[in-house]
Every structure is written in structure tokens, then in C-alpha cells.
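Each remark here refers to the structure printed beneath this line.
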Amino acid sequence: MSDLIDGLDLLINLVTGVTLGFLAYFSNKISKMQNNIAARDVYLSVYDKISEALGSVLAKGFVDESAKALFWQARDRARLELPNELKEYTQQLYDKMLEANTIYYNKITGDFKLPVGQERNKIVQEHTDIIKKLIYEKPHQIFSKYMTIKNLF
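The numbering used here numbers the first residue of the sequence shown as 1 and each following residue consecutively.
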């Protein structure tokens, strides 16, 4: 009789161990999936800010203060949470944006705008060239390799 009890005890312990192993395995998978979703949300947040800012630049032809704020937010969040390639990319976008914004508000419009003439034409062309570079950016090419959904199960 004690052999039977020892056998049942062993079987119960084995079933319990296997069950706990499966629970740990699936808990780990769920945790990884949640981490991947959270990480993807960070990438998507930065990408959305860049897309919205670039859309504004395309629609208006210059970098206004709301687009400037979006570029700044995207760059700063990328600095904190994204890989170096995206940190560098968002910094490059920010630098272009800031140059275009500064030219527009300090030399084309505002209190310090240049008078109509050759120098102003040169500055306007420089601004236009920077805006074209921003408009032709393709952030989806940079972000897509980081934002693909992987099968976790």
C-alpha cells in the first residue's frame, strides 16, 4: 500500500511540475508579447509625430511652431527609447527642420526679414531646398524594420 501511495505522490508531483512548467512558459510568452507591444507603441509614437510634422510641412510649405514641436517631441523620445539609427535619423530631421524654421521666421518673415532682392531670393531658395528635403523624407523605410510584428506563439 505504501508503494501505491509513493507512486501516486510521485505522479501528482510530476503532473504539478509539468503544469507549473507550462504556466511559466506561457507566462513568459505573454510577458514578451506585452513588452513587444509596448516597444512597438514607442516606435509608432515617434513615427506618427514625424509623419504628422512632415504632413504639416508639405501642406504649408514651411515649418510652423506646431510642426517644430512635433519634430522636437519625436527626437527627444527617440533619444530616450530607440536604437542609435533612429536617434540619429530623428536628430537629422530635427536639424533640417530647425534650419528651415529659423530661416523662415528670421529672414523671410518677421521683424528681421530681408528686403526684396537678390539676397532674399537666395535665402528663399535655400529655404525651399530644405523644405523639399524634408518633404521627400521616407521615415517608413527607416522605421519599418523595427516595427514588424513577430509571431510569438
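We put the CB at the ideal spot given by N, CA and C, even for glycine.
Inset, instruction - Classify Ser-51 as helix, strand or coil using the three-state DSSP reduction. - result: helix
Inset, instruction - Thinking Arg-75 and Tyr-94 are a contact (beta carbons under 8 Å), I'd like their distance in whole angstroms, please. - result: 4 Å
Inset, instruction - Can you give me the Cβ contacts of Phe-62 inside the same chain, cut-off strictly under 6 Å, excluding the 5 residues immediately before and after it? - result: Tyr-104
Inset, instruction - Measure the Cβ-Cβ separation of Leu-134 and Lys-87 and say whether it is below 8 Å. - result: no
Legend entry - Pairwise C-alpha distance: Gly-55 and Lys-145: 22 Å
Inset, instruction - Could you check the C-alpha separation between Thr-128 and Val-116 for me, to the nearest Å? - result: 16 Å
Inset, instruction - Report yes if the CB atom of Leu-70 is closer than 8 Å to the CB atom of Glu-99, and no otherwise. - result: no
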